[in-house]
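Heads up: the structure comes next, in structure tokens.
Protein chains in written order, with full-length UniProt numbering: chain A, 1 to 173; chain V, 1 to 493.
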């Protein structure tokens, strides 16, 4: 899972040469083997490294503030989103939905690594939502749809169908 | 890739559309907005410019290859790339849809509301209130659309976003204070995201959203009055108004507003062009010169009627101040109701008459109402004239229409008169004597109609577009309440 995600990210940031990435341990933590023998461990560490190597540092945030918010969501991805329980799913969706009321992207006014990794991490949740739930978490759905259509992001993941017309008018706020 | 020069005055939101599009597409665009390359009011009146751009308006585009374009939307379209124009036939049509929406739905009310706050148009409370409602409606439509969409068309910024953002720019800068824009979170999110895209920022700079709704800038307006100024000076004043620090401006406006409330009519700003023209005519031409001075100030009443509630303020004012020696009240009725067919034609009949009576405006007030519907209508009205006789015989210009109407002088003290004045001025009531439902009303009042002023302002802004034809009708209808529209006949749209 993490491997395919990192390989998609490599393509998104425009790195041609595939890196040697494997997983280790029970929790399948990704490990990147560098040519000089050193290694990097962990999803966020490796993705940040890939972004820097591709010289796409704007994806890590351009201002001090934006960089901090990107880090916040990368941490959120690891500590809250990954391996969350079914109960937590609803809390996460509610939190995200609230957060995205006045935002198009998670950090600042352009796409960042935070959007990409949150998109990869939440894909399996969104793809299982019923139409009614997608409407309930309207802002999450809109953000998700935008990111999955962003050129070069989706790659290994199937597109999730998002209805533009709202079926359940009662959910309107 | 297109390369050329865009002629405009500085800070022109219509030119912004083309400039932002060029930022996205990489079109090499030189902007000629200041001397020596371009002097607004001079360059665009030169024969060379007019031979390329017959309207003499800006923005105007001339390619390095000699290709010329006017109309800001066309220029922006030309300078776009395919991603901005829409990549599928559907997307292209949607882009066009939003571009048209901006022109016909956003710009008219936005101008009516914002221009007075910049001091380039007279304030009219009803027009402003109506414009606010219109803006709310437009924002609600956008808000609904942006519920599920990140951008207006597709998932990327398109010409639709560029055009609609630029159309909303003045609203967001001048009047959409936080409380007003709060009900439209999706629009706010989208707008803020757009103006923070690097391509927008390169053209617009840092856009500061309105913190406190700007009010009518009476001082600026007085300064901007066309009387002795050259068009060039006007333009400068307009620009200054735009550039001023919003907060300073607002404070000033607040003061201005307070002053205004106490003393509603500084004479300078009340003089519209028509009155000025009248005033400058030799006194001997005044057909009413033989009448003694009257205590009833008709203009004062007209102001009350335009800007305050009719039933609670304007009508009481009318009866308190009415001078029965100096003025008379008449009931008129169109003598050939069976000839009235389509309502828009009947409306033209009324406004046409108003136009021909233009010079009577200073000495008369009327509310004329069209009742009924197509092929079954009637026209009647209440007129207030200077003097005790019908005024029409006083000038040859005025004699074209009045014989098509029957005229009856009303007894000022009668209940009938009181009721009719109330019903006709307020455009509501039983209208017992008519027997048909109210359709439309027209007010004969002042020459400077909102619509007309509008066109003037747009002109003065050097815009390349006037109101679209269908909007004119709506404006005329709305304007007719606050000021009778002399310009143009109503057309069936």
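We put the beta carbon where it would ideally sit given N, CA and C, even for glycine.
Could you pull the DSSP bridge partners for residue i from this structure?
i: residue 372 of chain V; result: V/377
i: residue 333 of chain V; result: V/380 and V/406
i: residue 7 of chain V; result: V/32 and V/60
i: residue 385 of chain V; result: V/328 and V/364
i: residue 91 of chain A; result: Residue 91 of chain A is not bridged to any residue.
i: residue 434 of chain V; result: Note: residue 434 of chain V sits in no beta bridge, so no partner.
i: residue 318 of chain V; result: DSSP, once it has assigned bridges, lists no residue as partnering residue 318 of chain V.
i: residue 23 of chain A; result: A/30
i: residue 441 of chain V; result: V/369
i: residue 70 of chain V; result: V/60
Exposed or buried, which one is residue i when buried takes at least 16 other CB atoms within 10 Å?
i: residue 161 of chain V; result: buried
i: residue 313 of chain V; result: exposed
i: residue 115 of chain V; result: buried
i: residue 374 of chain V; result: exposed
i: residue 126 of chain V; result: buried
i: residue 400 of chain V; result: exposed
i: residue 442 of chain V; result: buried
i: residue 87 of chain A; result: exposed
i: residue 203 of chain V; result: buried
i: residue 140 of chain V; result: exposed
i: residue 194 of chain V; result: buried
i: residue 94 of chain A; result: exposed
i: residue 148 of chain V; result: buried
i: residue 173 of chain V; result: buried
i: residue 14 of chain V; result: buried
i: residue 82 of chain A; result: exposed
i: residue 504 of chain V; result: Outside the shown range of chain V, which is 1 to 493, sits residue 504 of chain V, and nothing can be said about it.
For residue i, which residues from the same chain have a beta carbon less than 6 Å from its beta carbon, with the 5 sequence-adjacent residues on both sides left out?
i: residue 174 of chain A; result: Residue 174 of chain A cannot be examined here, being either before or after the span of chain A that is shown, 1 to 173.
i: residue 201 of chain V; result: none
i: residue 254 of chain V; result: For residue 254 of chain V, the predicted structure reports a pLDDT of 47, less than 50, and the residue's modelled location is therefore unreliable. The matter cannot be settled from this model.
i: residue 288 of chain V; result: 363 and 386
i: residue 340 of chain V; result: 346 and 377
i: residue 160 of chain A; result: 126 and 127
i: residue 357 of chain V; result: 398
i: residue 237 of chain V; result: For residue 237 of chain V, the pLDDT reaches just 43, beneath the cut-off of 50, and the residue's location in the model is therefore unreliable, although a value from the coordinates is still provided. Contacts found: 223 and 224.
i: residue 38 of chain A; result: none
Below 8 Å between beta carbons: does that hold for residue i and residue j?
i: residue 74 of chain A; j: residue 117 of chain A; result: yes
i: residue 19 of chain V; j: residue 109 of chain A; result: no
i: residue 298 of chain V; j: residue 365 of chain V; result: yes
i: residue 371 of chain V; j: residue 318 of chain V; result: no
i: residue 95 of chain V; j: residue 143 of chain V; result: no
i: residue 100 of chain V; j: residue 21 of chain V; result: no
i: residue 56 of chain A; j: residue 104 of chain A; result: no
i: residue 17 of chain V; j: residue 128 of chain V; result: no
i: residue 44 of chain V; j: residue 26 of chain V; result: no
i: residue 7 of chain V; j: residue 32 of chain V; result: yes
i: residue 330 of chain V; j: residue 407 of chain V; result: yes
i: residue 445 of chain V; j: residue 361 of chain V; result: yes
i: residue 83 of chain V; j: residue 181 of chain V; result: no
i: residue 135 of chain V; j: residue 102 of chain V; result: no
i: residue 64 of chain V; j: residue 154 of chain V; result: no
i: residue 327 of chain V; j: residue 368 of chain V; result: no
i: residue 50 of chain A; j: residue 10 of chain A; result: yes
i: residue 343 of chain V; j: residue 414 of chain V; result: no
i: residue 21 of chain A; j: residue 3 of chain A; result: yes
i: residue 150 of chain V; j: residue 166 of chain A; result: no
i: residue 78 of chain A; j: residue 113 of chain A; result: no
i: residue 102 of chain A; j: residue 189 of chain V; result: yes
i: residue 496 of chain V; j: residue 214 of chain V; result: For chain V, the structure presents residues 1 to 493; residue 496 of chain V sits outside this window and is missing.
i: residue 60 of chain V; j: residue 53 of chain V; result: yes
i: residue 100 of chain A; j: residue 69 of chain A; result: no
i: residue 162 of chain A; j: residue 134 of chain A; result: yes
Given the structure, does residue i come close to the ligand COA, in the sense that its CB is under 7 Å from one of the ligand's heavy atoms?
i: residue 93 of chain A; result: With respect to the ligand COA, the structure offers nothing, as it holds no ligand at all.
Spatial neighbours of residue i within its chain, please: C-beta separation below 7 Å, excluding the five flanking residues on both sides.
i: residue 304 of chain V; result: 313, 314 and 317
i: residue 85 of chain V; result: 77, 92, 95 and 159
i: residue 185 of chain A; result: Residue coverage of chain A in this structure runs from 1 to 173, which leaves residue 185 of chain A outside it and unanswerable.
i: residue 131 of chain V; result: 109, 112 and 113
i: residue 107 of chain V; result: 167
i: residue 388 of chain V; result: 328
In its own chain, which residues sit with a C-beta less than 8 Å from the C-beta of residue i, not counting the 5 before and 5 after it?
i: residue 1 of chain V; result: 25, 26, 27 and 28
i: residue 425 of chain V; result: 305, 310, 314, 315, 318, 367 and 382
i: residue 84 of chain A; result: 92
Curious, which full-length alpha helix (DSSP H) runs of at least 4 residues does the UniProt domain "GST C-terminal" (88-216) of chain V contain?
89-101, 107-117, 125-145, 159-174, 178-181, 185-195 and 198-204
Alpha helix (DSSP H) runs contained entirely in the UniProt domain "GST C-terminal" (49-173) of chain A, provided each spans 4 or more residues:
64-76, 86-99, 113-126, 131-136 and 138-149
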